[in-house]
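In my numbering, each number is its position in the sequence shown, counted from 1, plus 224.
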Amino acid sequence: MGGCLVPRLLERGYRVRMLVRDPGQLTGRAWLPQVEVVPGDTLTPSALDQSMQGIWAAYYLIHNMASGRNYYEKEIESARNFASAAGAHEVEHIIYLGGLADPDKDIGLHLRSRIQTGDTLRQGSVPVTEFRASLIIGSGSISFEMIRYLTEQFPLVFGPPWMHNRTQPIAIQNVLDYLIAALENPVSRGKIYEIGGKDILTYAGTISVYARLRGLQRRMLILSGMSVGLMARVVGMLTPVPARIAGPLLGGMRSDSVVHDEAASRDFPQIEPVDYETSVRQALQRLSPGTLETGWEKGASSFRTKQEGFFIEGQQIQLDALPEAAYRTITGLGGRNGWLYLNGLWKLRGFFDWLIGGPGLRGVRTTAALVEGDILDFYRVEALEPNRLVRLRAELKAPGLGWMEWHIRQQSQGGVALTQIAYFAPTGLPGFLYWYLLLPFHRLVFAGLVKAIARRAAETQNSLPRRRHAKTNFPKKGS
């Protein structure tokens, strides 16, 4: 949520300082040079003192579920430290995003901690605006990613009886609207707002609607004896959400999570909540590498992850070459030049694709110099930034969408850092099986390809025009 909020704040002209546990997670964010980053934790008072200096408003957008079983105590300690530091530095306003539930019901430890966190923040001297939200729907949201990955993989989705409980999902864009509006509306200070979208559904209903929008046939099977712990382990294995975080979230679904107080619509009439189907469609429209915030690499020679509907497989290598040499090598791949490493496998993949009605290895370019929109074997050129970025979109006949991407970064100490990334967004269970079956071949081919690019770039380096330095002619003595 913080990563989505920051660019909105910058667009409105605010100066932003971020307190971040792991600054490495921000690597690759386009807005990073525009913000001040303070490494630290709300459990560390010294970091809070540094981050609060000169601040007039502070967003509290953290949780401690990844800490394990004692996360509840850490939630309260974090909120107490935050409120104390804000008061000591005369911060004028705290805005907190919590969870939507009736505190008089059996709501589970996670939602109980969210509500108690708001109470603890209010015990300080700084006015607090608290928003209580149910499922937040948007690419990257933990709740949405659980719905996405489980629905995609299981024709028959298992769940406990509380899948029939009600929820009022809200689009991430609406949540951001409220967070910004509270900053600019003094009326909201000291108030608690329940926020939600237009629709009230069951948790099972959120899965059914997602499946319909993706063209998937899905059925729910309710098992009365299914434990939260078992379901959390399944989520941890099959989605990007770790089991230690999935457990508390799933436990919070044991009761309804709907709006009863309409204060938000009265105080923020300019905000129009969207319906659940629209919020899902908006999230699915972001199914492109160009919308992803990077940060997986962290200097590793290889990395793999699942994020926002994608499988992501990448390699990094250092080149003793100029960016121009790397870019020329990458844009020279394919067609008559082949793919530098195990080119026979590329040809075989293209042949099979042609057999089943795909484009196969077309090996055609529409221009002499590669430009966006060109055909390149079974790819199409989607994005080019000379000496910086090449992205190809696969047009193979496959149960999902695929891309290949290369980032070229000039290093201050000389040379180039080359990052090669393969993305695959599977559609349904066939897409997941397709990725896992081909994964050994992908890893072999992609790892060899990036090394071959490095070797060819070094050779290409010698053929590039040398960079000339300006020569100054000084007058001879006595002239």
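Idealized CB from N, CA, C, for every residue including glycine.
What you are looking at is a predicted structure, and each value in this text was computed from that prediction instead of being measured.
If you ignore the 5 residues before and after residue 332, its C-beta comes within less than 6 Å of the C-beta of 475, 476 and 478, all in its own chain and listed in chain order. Residue range 427 to 437 is occupied by the alpha helix (DSSP H) that includes residue 430. Taking the Cα of residue 454 as reference, the smallest distance to any Cα among 468, 444, 363 and 341 is reached at 468. Between residue 414 and residue 483, the gap from beta carbon to beta carbon reaches 8 Å or more. Between the stretch 367 to 377 and the stretch 427 to 440 there are three or more inter-stretch CB-CB distances shorter than 8 Å, so the stretches are counted as touching. By alpha-carbon distance to residue 630, the top candidate from 564, 347, 620 and 607 is 607.
Annotated three-state conformation of residue 530 is strand, per DSSP. For residue 283, the enclosing beta strand (DSSP E) covers residues 281 to 284. For residue 553, the CB contacts under 6 Å within the same chain, skipping 5 residues up- and downstream, are 677, 680, 681 and 684 in chain order. DSSP links residue 247 through a beta bridge to no other residue. Beta-bridge partners of residue 649 (DSSP): 625. For residue 263, the secondary structure class from DSSP, reduced to helix, strand or coil, is strand.
In this structure, the beta-carbon distance from residue 473 to residue 382 does not fall below 8 Å.
When the Cα atoms are used, residue 602 and residue 237 turn out to be separated by approximately 44 Å. With at least 16 other beta carbons inside 10 angstroms of its own, residue 298 counts as buried.
Per DSSP, the continuous beta strand (DSSP E) segment holding residue 609 begins and ends at 603 to 609.
Taking a cut-off of 8 Å for Cβ pairs, the stretch 400 to 416 and the stretch 542 to 560 do not touch, as fewer than three such pairs fall below it. Assignment of residue 314 by DSSP, reduced to helix, strand and coil, places it in the coil class. Ranked by Cα distance from residue 533, the first of 425, 624 and 665 is 624. Counting along the chain, no beta strand (DSSP E) covers residue 477, and no H or E run does either.
Residue 461 is classed as exposed because its beta carbon has fewer than 16 other beta carbons within 10 Å across all chains shown.
Around the beta carbon of residue 411, a 10 Å sphere encloses fewer than 16 other beta carbons of the protein chains shown; the residue is thus reported as exposed.
One alpha carbon belongs to residue 294, the other to residue 470, and they sit about 15 Å apart. Per DSSP, the unbroken beta strand (DSSP E) holding residue 417 starts and ends at 416 to 419.
Contact check between the stretch 247 to 267 and the stretch 301 to 309: three or more CB pairs, one atom from each, fall below 8 Å, which counts as touching. Every unbroken stretch of the beta strand (DSSP E) spanning 3 or more residues and falling wholly within the stretch 323 to 381 is given here in chain order: 352 to 357.
The residues 547 and 640, in chain order, have a CB closer than 7 Å to that of residue 634 in the same chain once the five nearest residues on each side in sequence are set aside.
Going by DSSP, residue 405 is part of the alpha helix (DSSP H) stretching over 396 to 408. Contact between the stretch 501 to 519 and the stretch 570 to 580 is not established, with fewer than three Cβ pairs separated by less than 8 Å. Annotated three-state conformation of residue 641 is strand, per DSSP. Between the beta-carbon of residue 423 and that of residue 320 there is about 25 Å, and that puts the pair past the 8 Å contact cut.
The C-beta separation of residue 241 from residue 260 comes to about 4 Å, placing the pair in contact by the 8 Å criterion. By the 16-neighbour rule on beta-carbons within 10 angstroms, residue 627 is buried. Contact annotation, residue 600 with residue 589: C-beta distance approximately 6 Å; criterion of less than 8 Å satisfied. Between the beta-carbon of residue 566 and that of residue 672 there is about 6 Å, and that keeps the pair under the 8 Å contact cut. In this structure residue 300 is not in contact with residue 251, their Cβ atoms being roughly 31 Å apart against a cut-off of 8 Å.
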